[in-house]
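Read through the structure below, which is laid out as structure tokens, and then see the notes.
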Amino acid sequence: MGEAAEPGEGTVKRRFRFELAAHPASPAQARRLVRARLTGWSVCADTCDTAALVITELVTNAIVHTASSRVVCELHDHDDTVRIAVHDEGCAPDEPHPSPQRPEEEHGRGLLLVDALCQAWGAQEHGPGLLVWAELPRRTDAARETAEPRNDLGWGSRPVPGPSHGPSHGPAHPPVHPPSSGSGAEGRSGALGSVPRRRQP
1 MGEAAEPGEG
11 TVKRRFRFEL
21 AAHPASPAQA
31 RRLVRARLTG
41 WSVCADTCDT
51 AALVITELVT
61 NAIVHTASSR
71 VVCELHDHDD
81 TVRIAVHDEG
91 CAPDEPHPSP
101 QRPEEEHGRG
111 LLLVDALCQA
121 WGAQEHGPGL
131 LVWAELPRRT
141 DAARETAEPR
151 NDLGWGSRPV
161 PGPSHGPSHG
171 PAHPPVHPPS
181 SGSGAEGRSG
191 ALGSVPRRRQ
201 P
């Protein structure tokens, strides 16, 4: 896997390219950009996590082991693979470019992590610098569950309290009963007849 080889020739569906300054904070920025882009391409979470680790390693090595002022990163979305590439600007004229073909070298481009995580990786000269690439198997995320929750706790579905939804201990005012079937004057006089009247002298 550490041997230099030509990258896969599958059809590229999408590409994403970005440049970063050779700054200590750039590996973390590259990690965020790669994770966000692959998530947007519906690549599975495991592949996104692995790609984030790989781009961090490649960008870190380009910054630490070359005289680059900027590094260029690329993502290629193939049918069955995700290809990551980092292009540096090379070393100073009096310094030899470290070989990426021996990942076990502690003081060269230590690519043990890349070698362990990727199905293929390699490097090729690109102008004054080096282009290091790595490939991961592409897997898509399964469709997310869209069903409603089985047990609703009332958030967003509880009816708004109103006149017809009073407290459970009863209405605030006593009910008003309609008059009995003997309505009219008879009913009213029956109600008044229970009040004692004072006789006139």
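In UniProt numbering, the protein residues as written are 1 to 201. Cβ atoms here follow ideal geometry from the backbone N, Cα and C, with glycine treated the same way. This structure is a prediction, so every number in the text was calculated from the model and none was measured.
Worksheet item: Comparing alpha-carbon positions, which option in Val132, Gly122, Leu136 lies nearest Val71?
Response: Nearest option by C-alpha distance: Val132.
Worksheet item: Would you call the CB atoms of Arg138 and Asp88 closer than 8 Å?
Response: no
Worksheet item: Straight-line CA distance for Val12 to Val43?
Response: 14 Å
Worksheet item: Which first and last residues belong to the alpha helix (DSSP H) in which Pro128 is found?
Response: Where Pro128 is concerned, there is no enclosing alpha helix (DSSP H), given that its DSSP letter is neither H nor E.
Worksheet item: Which one or two residues does DSSP pair with Asp77 in a beta bridge?
Response: The beta-bridge partner set that DSSP reports for Asp77 consists of Arg14, Val82.
Practice prompt. Find out if the Cβ-Cβ distance for the pair Thr66, Gly90 is shorter than 8 Å.
Written response: yes
Worksheet item: DSSP three-state call for Gly122: helix, strand or coil?
Response: strand
Practice prompt. Spell out the partners DSSP gives His21 in its beta bridges.
Written response: Before going further, note that residue 21 is Ala rather than His in the sequence given. Its beta-bridge partners are Arg70.
Item to complete: Answer yes or no: do Ala21 and Val34 have a C-beta to C-beta separation smaller than 8 Å?
Response: no
Item to complete: Could you have a look at Leu53 and say whether DSSP puts it in helix, strand or coil?
Response: In the structure shown, Leu53 sits in a helix (DSSP, three-state: H, G or I).
Discussion item. For Ala45 and Thr39, what's the separation of their Cα atoms in angstroms?
Written reply: 7 Å
Worksheet entry | residue 275: first and last residue of the uninterrupted alpha helix (DSSP H) it sits in | Since the first and last residues shown for the chain are 1 and 201, residue 275 lies out of range.
Discussion item. Quick check on this structure: which residue in Gly129, Ile63, His126, Leu58 has the alpha carbon closest to the alpha carbon of Leu113?
Written reply: Leu58
Worksheet item: Candidates His23, Asp49, Phe16, Leu111: which alpha carbon is nearest Arg31's?
Response: Asp49
Item to complete: Along the alpha helix (DSSP H) that carries Leu112, what are the first and last residues, could you check?
Response: 112 to 117
Worksheet entry | Contacting residues, own chain, Cβ-Cβ under 7 Å from Leu117 (five flanking each side not counted) | Thr50, Leu53, Val54
Worksheet item: Exposed or buried, which one is Thr47 when buried takes at least 16 other CB atoms within 10 Å?
Response: So Thr47 ends up on the buried side.
Discussion item. Let's test the definition: count the other Cβ atoms within 10 Å of the Cβ of His76 and tell me whether it reaches 16, buried, or not, exposed.
Written reply: buried
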